[in-house]
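Novice:
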DNA sequence: TCAAAAAGTGAATAAACATTCAATTATTGA
DNA sequence: TCAATAATTGAATGTTTATTCACTTTTTGA
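Chains as they are written, first to last, in the working numbering: chain A, 992 to 1199; chain B, 992 to 1199.
And the structure:
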């Protein structure tokens, strides 16, 4: 054989893959899956369309990987909050605020995460990830109920409701461009209050 | 002129239109907008594809009309509940339960209402209708706050959260086919509890 | 019954994209 | 430098559907 991948080449390949993922993520963040056609991804990543198929078997799998990476990162952050030693309501509020702040901060995948992707394969993944997302909140609820910090309730239903509540409040009403910092903080606070009261009955204000 | 529409003909035309709308609604209920291709709609309605374009300028406008009719009917029911003389929390709980029960009862547009349609034109309509939907709940909240039945809160945010909460709880977790009547009632109750506590702090149980 | 006008049909057209692949360029080790 | 191999390209292909339109059938009023 007169060809074997050098370390440099290996790196360049990995680089290409990352560039494609990044480009996809960017497009999806800005305009949803709708705007992330293969041609657009290729242009944004600075590669050819054929290139993309060297790294990903199909558009659907590319989308799934983008979604998965985004959700896993998000879940990691929220899990850290969920495992803190503070009281369950405090952790829950902190988790909600953490997610909402990031979502309001700039273009992100929140919308694509909620919305229905065109592709059934991606859709399946999306539902799975939403469920996983809810599980973080469910864990806080279950823990809080055990410790008597949160009243008894249907943890599955409450977790789903929580996820629905703060995602809807984010997607629906706001044009992200015409929103000041203060308005955003106000909305964040309103959502936190809603979510805390929803599961605790009473709103507690301590941050974390 | 040797042709003018007779009353009978007029009726048949209206009938065709309705059949097309009904067929679209059926397909969307069962498989989302994805499954409602013009060809499928035509077959289901028992007309030709060309026919559809005699009654609707485009697929998008057909979809919007289906969505609009469904939402308006839903809003009418909920508005009636919102205008009852009972205390605001009672009305709110009743409205939530009313919507959830219908959604769980069988194939319906709940999913399509929440999910992202493929077409931007339909998407715009969808967001508008979701907002309208939230307004019914907002009205109950505002009224309840005035009467001191509901604690002061950001009515816009709470309304959005409510809509998100009960729609998510409906779409996410359940396979409608593998769910018993009892389970459905249980879920309905869990959602009601969540929503009531979310805006009132305390859960009251009276039906309506 | 007849001709004008409209309703109705569905095969053909068109547009939008994902995917492929023959050809080209780059990399590697000898 | 060279041949072998891999990476890369982007025009061509295939697919999926909305939409159109030339043609057929039905309806209407005289």
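Yeah, the Cβ is synthetic: ideal placement off N, Cα and C, and Gly gets one too.
Here the structure is a predicted model, which means the values were calculated and not measured.
So what's residue 1038 of chain B in DSSP terms, helix, strand or just coil?
Specialist: DSSP places residue 1038 of chain B in coil when its eight states are reduced to three.
Novice: Pair every Cβ in the region 1171–1188 of chain A with every Cβ in the region 1170–1183 of chain B, then say whether three or more of these pairs are closer than 8 Å.
Specialist: Result no; under three Cβ-Cβ pairs closer than 8 Å.
Novice: Identify the continuous alpha helix (DSSP H) that holds residue 1092 of chain B and give its terminal residues.
Specialist: Taken as a continuous stretch (DSSP letters only), the alpha helix (DSSP H) holding residue 1092 of chain B covers 1079–1096.
Novice: Please determine, among A:1012, A:1005, A:1172, A:1008, the residue with the shortest C-alpha to C-alpha distance to residue 1224 of chain A.
Specialist: Residue coverage of chain A in this structure runs from 992 to 1199, which leaves residue 1224 of chain A outside it and unanswerable.
Novice: Which class does residue 997 of chain A belong to by DSSP, given the choice of helix, strand or coil?
Specialist: Coil, per DSSP.
Novice: Taking C-beta pairs closer than 9 Å, name the residues in chain A that residue 1053 of chain B reaches, listed in chain order.
Specialist: What residue 1053 of chain B touches in chain A: nothing, since even the nearest Cβ is about 18 Å away.
Novice: Give me the Cα-Cα distance between residue 1197 of chain B and residue 1170 of chain A, rounded to the nearest whole angstrom.
Specialist: In this prediction, residue 1197 of chain B has a pLDDT of 46, which is less than 50 and means its spatial position is unreliable; nothing more can be read from the coordinates.
Novice: Whose Cβ in chain B lies nearer than 7 Å to the Cβ of residue 1154 of chain A?
Specialist: Per Cβ cutoff of 7 Å: 1159.
Novice: Quick one, which of A:1074, A:1033, A:1058 has its alpha-carbon nearest residue 1008 of chain A's?
Specialist: Considering only alpha carbons, the answer is A:1033.
Novice: Tell me the DSSP secondary structure of residue 1143 of chain A in three-state form.
Specialist: Correct three-state label for residue 1143 of chain A: coil.
Novice: Which value, in whole angstroms, describes the spacing of the CA atoms of residue 1060 of chain A and residue 1159 of chain A?
Specialist: Each residue's alpha carbon lies about 22 Å from the other.
Novice: Residues of the region 1178–1191 of chain B in Cβ contact with chain A at a cutoff of 7 Å, in chain order, please.
Specialist: Per Cβ criterion, the list reads 1178, 1181, 1182, 1184, 1185, 1188, 1189.
Novice: Any residues in the region 1075–1097 of chain B with a beta carbon nearer than 8 Å to a beta carbon of chain A? Which ones, in chain order?
Specialist: From the region 1075–1097 of chain B, no residue has a Cβ closer than 8 Å to chain A.
Novice: Can you tell me which of the three DSSP states residue 1028 of chain B falls into?
Specialist: Three-state result, residue 1028 of chain B: coil.
Novice: Determine the direct distance from the alpha carbon of residue 1035 of chain A to that of residue 1195 of chain B, and round the result to whole angstroms.
Specialist: Only weak support is given to the placement of residue 1195 of chain B: the predicted model assigns it a pLDDT of 48, under 50, and the value that follows is read from those uncertain coordinates. Whole-angstrom Cα-Cα distance: 54 Å.
Novice: In chain B, which residues lie with their C-beta within 7 Å of the C-beta of residue 1145 of chain A?
Specialist: Near residue 1145 of chain A (Cβ distances below 7 Å), the residues of chain B are 1181.
Novice: With 8 Å as the threshold, decide whether the Cβ of residue 993 of chain A is near any Cβ in chain B.
Specialist: With 8 Å as the cut-off, residue 993 of chain A does not count as an interface residue toward chain B.
Novice: Assign residue 1039 of chain A to one of two classes, buried (16 or more other C-beta atoms within 10 Å of its C-beta) or exposed (fewer than that).
Specialist: Its Cβ having fewer than 16 others within 10 Å, residue 1039 of chain A is exposed.
Novice: Mind checking if residue 1149 of chain B is an interface residue toward chain A, Cβ cutoff 8 Å exclusive?
Specialist: Yes, residue 1149 of chain B counts as interfacial toward chain A.
Novice: What separation, rounded to the nearest whole angstrom, lies between the Cα atoms of residue 1142 of chain A and residue 1086 of chain A?
Specialist: Cα to Cα, the separation comes out at about 19 Å.
Novice: Determine, using beta-carbon pairs with one atom in the region 1060–1075 of chain A and one in the region 1116–1127 of chain A, whether at least three such pairs fall under 8 Å.
Specialist: Judged by Cβ distances under 8 Å, the region 1060–1075 of chain A makes contact with the region 1116–1127 of chain A, as three or more pairs qualify.
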